Amino acid sequence: MVNSAQVLTVSSSNPCIPSTPIISSEMRSLRDPRSNALDDPKVIASLPRYVDVVKGNRLAKFVIARGFQVDFDDASTSDLWSLHARSLEGYLKYDEALNAGEIELDTPDSSFLDLKVELGKRIMESCHLCARRCGVDRSSDETGYCRCSDDFAYSSCFTHLGEEPELVPSGTIFTCGCTIRCIHCQNWQISQWREAGDAMTPEGMAKIVEVLRRHGCWNINMVGGDPTPNAWLWLRTMHGVTKSIATVWNSNSYYSTETAQLLAGFIDLYLLDFKYGNNRCAEEISDAPGYWEECTRNHLMAKRYGELLIRVLVLPSHNECCTGPIINWIAENLGPMTRVNLMFQYRPEWRAGEREELRRRLTRAEIQEALDMARDAGLVNLVRG
Ligand code: SF4
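Residue numbers (this note's numbering): 1 to 385.
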């Protein structure tokens, strides 16, 4: 989900292509002081590859996946998943050889990215892109819990200056629909379809990506709602993007293990929410059964195949049950240098009034307690810490 702050919505009569300047002159002047974020030793220590991609020293993963040859035919889905697992190992070696200058980027007829697109298409036919695993056929007009179709429901895009410093300027793209229902959602108008969005094809979205890149954005920030229902569409979108730009997967972490596999070798930076420290809170507040298992598995996968920036939105009266267990798990399983944004901007939104503890903002004591928890757990790479 988005880190709400300074935003400029791009207005466009044609939803396919932003028609107005995405970065105003005022925003350009705001951007420069943050550019040294890429030289911050803590950012480099935790996100070295992402920094190299933004600086133009390495290619984004989607470009490499598109250049890595993988031949396949109309095989069974299980056979294609086996091929995907083998290809992922080959892809990692290919990436290393490219980075070492030992080989040049290829332009094969059939690529690792093509294989991902094919597997994404098959997932859509019995949708299990997210952990909810509705099983609906989204290729034939059926919709599941998220109500997403087989095209994007585009809401807006803009150059986001309020994200973490290493992301700014971030080419942020909002789409409608979400896989969970946080009763305090800040973006409930788009996550819960109060706004319908504009139907958008991957080809149209690729044009938006190109425009954002040309305007100087460091990355493409795939948001929602949640990007998970659109994972197949994002694979196809980036297939059509001609030049390298870092990809950012900005998600609630409630996606299936199959989607996690598709993202491996595609996403440069995983910008993952870690929302709850137990399944009871996840179910009661966000209607996300089994959240802890899905979320922790996806964080481990993100660290293994990409780089990770974790957002922890601290909720009132949830330090003991959520903030503490989350922080301790991160420190123990991902390491003390994990880049973590402890977020204290919670405010009651949408249906937050349904729960008494969510009707207020954080107290100073709660903020300090969360910071103490992070320090005691040994986390040493907090954003703005
Ligand atoms: S992405 Fe949507 S349709 Fe697919 S499993 Fe999740 S909620 Fe259901």
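All residues carry an ideal CB built from backbone N, CA and C; glycine is no exception.
Remember, predicted model here, so these are calculated numbers, not experimental data.
Within 7 Å of the C-beta of residue 136 there is at least one heavy atom belonging to the ligand SF4. Per DSSP, reduced to three states, the secondary structure at residue 189 is helical.
With 5 Å as the limit between CB and the heavy atoms of the ligand SF4, the residues that fall short of it are 127, 129, 130, 132, 134, 144, 145, 146, 179 and 229. Residue state for residue 111 is assigned as strand, using DSSP reduced to three classes. A residue is called buried when at least 16 other Cβ atoms come within 10 angstroms of its Cβ; residue 271 meets this threshold and is buried. A residue is called buried once 16 or more other Cβ atoms fall within 10 Å of its Cβ, and residue 105, having fewer, is exposed. A contact is defined here as three or more CB-CB pairs under 8 Å, and the segment 235 to 244 fails this definition with respect to the segment 273 to 288.
In the displayed model, residue 270 falls within a strand according to three-state DSSP. As for any beta strand (DSSP E) of minimum length 3 sitting wholly inside the segment 295 to 347, the runs are 307 to 313 and 339 to 343, ordered along the chain. Closest in alpha carbon position to residue 211, among 243, 195, 194 and 383, is 243. The count of Cβ pairs closer than 8 Å, one atom from the segment 361 to 373 and one from the segment 330 to 344, reaches three, so the stretches are in contact.
Here residue 333 is exposed: its Cβ has fewer than 16 other Cβ atoms, across all protein chains shown, within 10 Å. For residue 98, there are no CB contacts under 6 Å within the same chain when 5 residues up- and downstream are skipped. Counting C-beta pairs closer than 8 Å gives fewer than three between the segment 105 to 125 and the segment 163 to 170, which falls short of the contact rule.
Burial check for residue 282: the Cβ neighbour count within 10 Å reaches 16 or more, so the residue is buried. Note that the C-beta distance between residue 247 and residue 268 is below 8 Å. Judged by beta-carbon spacing, residue 126 lies beyond the 8 Å limit of residue 141, meaning their Cβ atoms are not closer than that value. Here residue 257 is exposed. Its C-beta has fewer than 16 other C-beta atoms within 10 Å.
Under the Cβ criterion (8 Å, minimum of three pairs), the segment 169 to 185 counts as touching the segment 146 to 159. Secondary structure of residue 158 (DSSP, three-state): strand. Here residue 358 really is in contact with residue 348; their C-beta atoms are around 6 Å apart, less than 8 Å. The residues 60, 246 and 268, in chain order, have a CB closer than 6 Å to that of residue 53 in the same chain once the five nearest residues on each side in sequence are set aside. In this structure, residue 170 lies near residue 219, with their beta-carbon atoms less than 8 Å apart. Under a 10 Å Cβ-count criterion, residue 135 is classified as exposed, with fewer than 16 other Cβ atoms of the shown protein chains found around its own Cβ. Each residue's CA atom was taken as its position, placing residue 88 and residue 379 some 31 Å apart. Unbroken alpha helix (DSSP H) runs of no fewer than 4 residues, entirely contained in the segment 75 to 123, are found at 77 to 99, following chain order.
Beta bridge pairing from DSSP links residue 152 with 200. When beta bridges are read from the DSSP output, residue 382 appears opposite 340. For residue 136, there is no enclosing alpha helix (DSSP H), as DSSP marks it with neither H nor E. For residue 43, the secondary structure class from DSSP, reduced to helix, strand or coil, is helix. Apart from the 5 residues on each side of it in sequence, residue 69 sits with its Cβ closer than 7 Å to the Cβ of 106, 108, 110 and 111 in its chain, given in chain order. The beta carbon of residue 188 is closer than 6 Å to those of 350 in its chain, skipping five residues each way along the sequence. Residue burial annotation: residue 95 is buried, with at least 16 other C-beta atoms found within 10 angstroms of its C-beta. Going by beta carbons, residue 252 and residue 180 fall inside the 8 Å limit.
Taking C-beta atoms as the reference points, residue 322 and residue 229 fail to come closer than 8 Å.
Setting aside the 5 residues that flank it on each side, residue 325 is surrounded in the same chain by 277, each with a C-beta closer than 6 Å to its C-beta; the list follows chain order.
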